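For reference, the structure discussed in these notes is given below.
Numbering (this note's numbering), first residue to last: 95 to 416.
Structure (structure tokens):
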């Protein structure tokens, strides 16, 4: 009997060790809402991640419903639950908007069921706040966010300084504020209508600041219901040369350019309301003959059907920001 008990203990000892070796690393983080940031959310099949917003969620837009599942219900108005529904590696985007017009953009990445052991930990919970406060759990960092550049931070600091009530008349406005003010003062822009959209658009001045391109634009809600606008994007797209000349393959390639800075008067438009904006991005030094630059504007409920406005590749050089 004693020999049997010793044998049983020896057989059971490796089991907890084996379970610990296959444990999925996890992390929890608290982030500050910033519409200029894209948060990377690492997921894994068979696990569900939670996103908590500081107020009630009004819309959840998922880029790939065939690869991921996003759930939100009125019983838990501040929460959104996300998980992969495929065991294969997948990637998509998620946009969450709240009742006050705040929004976050999230990149969903699932390493798949057969992911290597050195893949990033699964993000079990992201809690967004409106104030600068961070929560670090254990020794693992929070989800990765793509920050704006130092140049963009300087422009935002200049914007905040120009908006201070005391001494505002003496504080010089930043270059992006000047472009924004000129666009906002346009009384009757030339509006362009788009089929199936309740918004109309107008492109203002397009200019070049050294190696950056600056685009001023306006959006008008010509409908009887409110609409929410997501932050602007810049897209470069063109047709890939097809050596086989297959009629079935369109061969269209597109890529998103990095946004250096942008300013938008509002993201929520009531019927008959107007929004003015400015976007700054690094123009590529060259492009293929089939490629074109586009300003991408989308409604929050139609992010998969954005409006693409063609931009000149070589805009006039401005003396305002030499």
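Glycine residues also receive a C-beta, built at the ideal position from the N, C-alpha and C atoms. Bear in mind that the values here come from a model prediction, so they are computed numbers and not experimental data.
Per-residue DSSP class, three states only, for residue i
i: residue 272; result: helix
i: residue 395; result: helix
i: residue 369; result: strand
i: residue 278; result: helix
i: residue 158; result: coil
i: residue 342; result: In this prediction, residue 342 scores a pLDDT of 47, lower than 50, which makes its location untrustworthy; the coordinate-derived value is nonetheless stated afterwards. Reduced to three states, the DSSP call for residue 342 is coil.
i: residue 142; result: coil
i: residue 324; result: coil
i: residue 364; result: coil
i: residue 355; result: strand
i: residue 267; result: coil
i: residue 385; result: coil
i: residue 213; result: coil
i: residue 163; result: strand
i: residue 290; result: coil
i: residue 318; result: coil
i: residue 376; result: strand
i: residue 218; result: strand
i: residue 228; result: Model confidence at residue 228 stands at a pLDDT of 36, short of 50, so the residue's coordinates are unreliable and nothing is read from them.
i: residue 150; result: coil
i: residue 129; result: coil
i: residue 349; result: strand
For residue i, the nearest candidate out of the options (CA to CA)
i: residue 408; options: 277, 188, 284 and 377; result: 377
i: residue 152; options: 321, 350, 220 and 128; result: 321
i: residue 213; options: 200, 183, 192 and 224; result: 183
i: residue 357; options: 134, 165, 158 and 268; result: 268
i: residue 179; options: 138, 162 and 328; result: 162
i: residue 410; options: 380, 392, 306 and 324; result: 306
i: residue 386; options: 395, 174, 130 and 349; result: 349
i: residue 126; options: 319, 224 and 354; result: 224
i: residue 280; options: 311, 301, 302 and 147; result: 311
i: residue 132; options: 389, 222, 168 and 374; result: 222
i: residue 295; options: 304, 308 and 316; result: 316
i: residue 272; options: 171, 286, 370 and 291; result: 370
i: residue 323; options: 293, 298 and 299; result: 293
i: residue 195; options: 147, 173, 174 and 208; result: 147
i: residue 154; options: 140, 120 and 200; result: 200
i: residue 304; options: 379, 367, 202 and 216; result: 379
i: residue 139; options: 217, 130 and 190; result: 217
i: residue 134; options: 187, 368 and 169; result: 187
i: residue 143; options: 372, 215, 171 and 393; result: 215
Environment of residue i [buried if 16+ CB atoms lie within 10 Å]
i: residue 326; result: buried
i: residue 313; result: buried
i: residue 259; result: Caution is warranted here: a pLDDT of 46 is assigned to residue 259, below 50, making its placement in the model unreliable, and no coordinate value can be reported.
i: residue 365; result: exposed
i: residue 397; result: buried
i: residue 283; result: buried
i: residue 136; result: buried
i: residue 375; result: buried
i: residue 298; result: buried
i: residue 399; result: exposed
i: residue 207; result: exposed
Continuous beta strand (DSSP E) stretch holding residue i: start and end
i: residue 296; result: 293–303
i: residue 126; result: 120–126
i: residue 310; result: 306–315
i: residue 172; result: Looking at the DSSP string, residue 172 is not in any beta strand (DSSP E), and its letter there is neither H nor E.
i: residue 133; result: 132–137
i: residue 403; result: 401–405
Min CB distance residue i to chain C below 7 Å
i: residue 205; result: Of the chains in the structure shown, none is chain C; there is only one protein chain.
### Task
Run through the stretch 175–206 for me and flag every whole beta strand (DSSP E) of 3 or more residues, listed as ranges in chain order.
184–192 and 197–204
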